[in-house]
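A.B. asks: Would you mind keeping the following structure in view while I ask a few things?
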Amino acid sequence: MSQAPEPSVRDTPWAPTHRPGRVLAADGVGLHYDVVGTGPHTVMLANGLGGRLYSWRPLVTALWERYRFITWDYRGLFESDSPRSLRRLALAHHVEDARAILDAEGVARAAFVGWSMGVQVALEFAAAEPGRVAGLALVNGTYGHVLSHGFQPIFSLPGLPPRLHAILEFLRDHPSLAGWLARLARTTEIPTMGIFLLTAGRRVKELRPMLRQYFADVLGPSFTTYLRLFQELDAHSAYHLLREIDTPTLIVSGALDPLTPARQSLQMARRMPRARHLRLWRAGHFALLERPDVVVPAIARFLAGEAGW
Numbered sequence: 009m010s011q012a013p014e015p016s017v018r019d020t021p022w023a024p025t026h027r028p029g030r031v032l033a034a035d036g037v038g039l040h041y042d043v044v045g046t047g048p049h050t051v052m053l054a055n056g057l058g059g060r061l062y063s064w065r066p067l068v069t070a071l072w073e074r075y076r077f078i079t080w081d082y083r084g085l086f087e088s089d090s091p092r093s094l095r096r097l098a099l100a101h102h103v104e105d106a107r108a109i110l111d112a113e114g115v116a117r118a119a120f121v122g123w124s125m126g127v128q129v130a131l132e133f134a135a136a137e138p139g140r141v142a143g144l145a146l147v148n149g150t151y152g153h154v155l156s157h158g159f160q161p162i163f164s165l166p167g168l169p170p171r172l173h174a175i176l177e178f179l180r181d182h183p184s185l186a187g188w189l190a191r192l193a194r195t196t197e198i199p200t201m202g203i204f205l206l207t208a209g210r211r212v213k214e215l216r217p218m219l220r221q222y223f224a225d226v227l228g229p230s231f232t233t234y235l236r237l238f239q240e241l242d243a244h245s246a247y248h249l250l251r252e253i254d255t256p257t258l259i260v261s262g263a264l265d266p267l268t269p270a271r272q273s274l275q276m277a278r279r280m281p282r283a284r285h286l287r288l289w290r291a292g293h294f295a296l297l298e299r300p301d302v303v304v305p306a307i308a309r310f311l312a313g314e315a316g317w
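Here the sequence shown is numbered in my numbering, starting from 9 and rising by one per residue.
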């Protein structure tokens, strides 16, 4: 049974347009998705590793009358079902899921806006289905190998990825310890708000409910699935495909983003034939929420003027 929209989106002007959907993926996994907006063109919102419809609030609030937005819960998370095998959490399966949702909604062509993990999903979809992608807006993401580059904003540390994999596997093998760590991690909400104070300024009070919901999502029942998804994101790379993705692309990065460093965004922009890079010096990994005054107009201009509808 699909739930109502999260509290953080119920009071929006577009809440009455919300429609939940459900479809079976190619391998039979049940997928939950949300549709909002009334515009003639469709924009697929590919979530980060954590975050749902509420994490897109500034963008949807600004553009819901111009576009129809679709976002979905990745397999294994929230209201979507889990596959029988962990091997079916790879990026290729998320691409198949996006295809199934577009088919169910009768959408032949859509623009993709991806955040964090959603950047890798969007890149893979564009490489596999170039005729179905009108444009790519890629926010705070990378082409792959997240454990090789994440948390290393200046330079990569040799030998770190295998150690991170070992930690993730240990936590997955010891769920009680993983649960304890998840509870402990909730205490980082306060210092995270301190970082938001630097990047978002006075908007930090508006972001508090979103951050609380985000922590509840990431550190909730799906925590061990998140651990495996981190490994799948590290195993994936679309670097060799970038020069072949001839799709209008806007890449947005935050200079203070430790998880997906801005230098990788610059690499993507240089390799992709029709990409341009917007680097925000006062933004971290949540650029859309931290700096909607810059990011939302940039995406709006891109969708209206560059996307190939």
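For every residue, glycine included, the Cβ atom is placed at its ideal position computed from N, Cα and C.
Can you tell me which of the three DSSP states M9 falls into?
C.D. replies: Position 1 of the sequence shown holds residue 9. Confidence at M9 is low in this model, with a pLDDT of 39, below 50, so the placement of that residue should be treated as unreliable; the coordinate-derived value is given next. Reduced to three states, the DSSP call for M9 is coil.
A.B. asks: Examine the Cβ distances between the stretch 128-135 and the stretch 249-263 and report whether three or more of them are shorter than 8 Å.
C.D. replies: yes
A.B. asks: Taking its Cβ as the centre, do 16 or more other Cβ atoms sit within 10 Å of R171, making it buried, or is it exposed?
C.D. replies: One-based indexing of the sequence shown puts residue 171 at position 163. Exposed.
A.B. asks: Apart from the five residues just before and just after A214, which ones in its own chain have a Cβ nearer than 7 Å to its Cβ?
C.D. replies: For the purposes of this step, residue 214 is taken as residue 206 along the sequence shown, with counting starting at 1. According to the sequence displayed, residue 214 carries Glu and not Ala. Nothing meets the Cβ criterion.
A.B. asks: Pair every Cβ in the stretch 215-223 with every Cβ in the stretch 71-83, then say whether three or more of these pairs are closer than 8 Å.
C.D. replies: no
A.B. asks: Can you tell me whether DSSP reads T233 as helix, strand or coil?
C.D. replies: As a working mapping, residue 233 is identified with position 225 in the sequence shown. T233 falls in the helix class under three-state DSSP.
A.B. asks: Beta-carbon separation of R287 and S245 under 8 Å?
C.D. replies: The residue given as residue 287 occupies position 279 in the sequence shown. The residue given as residue 245 occupies position 237 in the sequence shown. No; because the gap between Cβ atoms is not below 8 Å, this pair is not in contact.
A.B. asks: Counting Cβ pairs closer than 8 Å, one from the stretch 140-156 and one from the stretch 301-317, do we hit at least three?
C.D. replies: yes
A.B. asks: Between L97, E73, P28 and L67, which has its C-alpha nearest E240's C-alpha?
C.D. replies: Counting from 1 along the sequence shown, the entry for residue 240 is found at position 232. It is L97 whose Cα lies nearest to the Cα of E240.
A.B. asks: By the 10 Å Cβ neighbour count, where 16 or more other Cβ atoms means buried, how is W64 classified, buried or exposed?
C.D. replies: Taking the sequence shown and counting its residues from 1, one reaches residue 64 at position 56. With at least 16 other beta carbons inside 10 angstroms of its own, W64 counts as buried.
A.B. asks: What runs of the alpha helix (DSSP H), each 4 residues or longer, lie entirely inside the stretch 196-280?
C.D. replies: 197-208, 212-226, 231-243 and 270-279
A.B. asks: Taking only three categories from DSSP, how would you classify R150?
C.D. replies: Your numbering for residue 150 matches position 142 in the sequence shown. It is worth fixing the name first, because residue 150 is Thr in this sequence and not Arg. If DSSP states are grouped into helix, strand and coil, T150 belongs with coil.
A.B. asks: Counting pairs of beta carbons, one from the stretch 102-113 and one from the stretch 29-45, are three or more of them closer than 8 Å?
C.D. replies: yes
A.B. asks: Please name the residue, chosen from G228, A119 and L110, that lies closest to I307 on a Cα-to-Cα basis.
C.D. replies: Taking the sequence shown and counting its residues from 1, the one referred to as residue 307 is at position 299. Among G228, A119 and L110, the Cα nearest to that of I307 is on A119.
A.B. asks: Drop a sphere of 10 angstroms on the beta-carbon of S10, count the other beta-carbons inside from all chains shown, and report buried for 16 or more, exposed for fewer.
C.D. replies: Looking up residue 10 in the sequence shown gives position 2. Any reading at S10 needs caution, since the residue's pLDDT is 43, under 50, leaving its predicted position unreliable; the model's value is listed next. S10 should be labelled exposed.
A.B. asks: W22 bridges to which residues according to DSSP?
C.D. replies: Your numbering for residue 22 matches position 14 in the sequence shown. Note: W22 sits in no beta bridge, so no partner.
A.B. asks: Would you call the stretch 199-212 in contact with the stretch 293-301, where contact means no fewer than 3 C-beta pairs closer than 8 Å?
C.D. replies: Result yes; three or more Cβ-Cβ pairs closer than 8 Å.
A.B. asks: Would you call S184 buried or exposed, if buried means 16 or more other Cβ atoms sit within 10 Å of its Cβ?
C.D. replies: Within the sequence shown, the letter at position 176 stands for residue 184. Classification of S184: exposed, given that the 10 Å Cβ count is below 16.
A.B. asks: To the nearest angstrom, report how far apart S88 and Y234 are at their CA atoms.
C.D. replies: Working through the sequence shown from its first residue, we reach residue 88 at position 80. Working through the sequence shown from its first residue, we reach residue 234 at position 226. Cα to Cα, the separation comes out at about 14 Å.
A.B. asks: The alpha helix (DSSP H) with G126 in it runs from where to where?
C.D. replies: Counted from its first residue, the sequence shown places residue 126 at position 118. M125 to A136 is the span of the alpha helix (DSSP H), which, as asked, contains G126.
A.B. asks: What residues in its chain sit with their C-beta under 6 Å from that of G228, if we drop five residues either side in the sequence?
C.D. replies: The count along the sequence shown starts at 1 and reaches residue 228 at position 220. For G228, where only same-chain residues beyond five positions count, there are no Cβ hits under 6 Å.
A.B. asks: What do you reckon, are the CB atoms on T4 and W22 nearer than 8 Å?
C.D. replies: No statement about residue 4 is possible, as the shown extent of the chain runs from 9 to 317 and does not include it.
A.B. asks: Just curious, the beta strand (DSSP E) that A283 is in, first and last residue?
C.D. replies: For the purposes of this step, residue 283 is identified with residue 275 of the sequence shown, where counting begins at 1. Its beta strand (DSSP E) spans residues A283 to L288.
A.B. asks: So, V154 versus D242, is the Cβ gap smaller than 8 Å?
C.D. replies: Translated into the one-based positions of the sequence shown, residue 154 becomes position 146. Translated into the one-based positions of the sequence shown, residue 242 becomes position 234. Against a cut-off of 8 Å, the Cβ pair of D242 and V154 comes out as a contact.
A.B. asks: Compute the Euclidean distance between the alpha carbons of P24 and H40, then round it to the nearest angstrom.
C.D. replies: One-based indexing of the sequence shown puts residue 24 at position 16. One-based indexing of the sequence shown puts residue 40 at position 32. If I take the Cα positions, the gap works out to 18 Å.
A.B. asks: What did DSSP end up calling L57 once you bin it into helix, strand or coil?
C.D. replies: Locating residue 57 in the sequence shown gives position 49, where the first residue counts as 1. DSSP places L57 in coil when its eight states are reduced to three.
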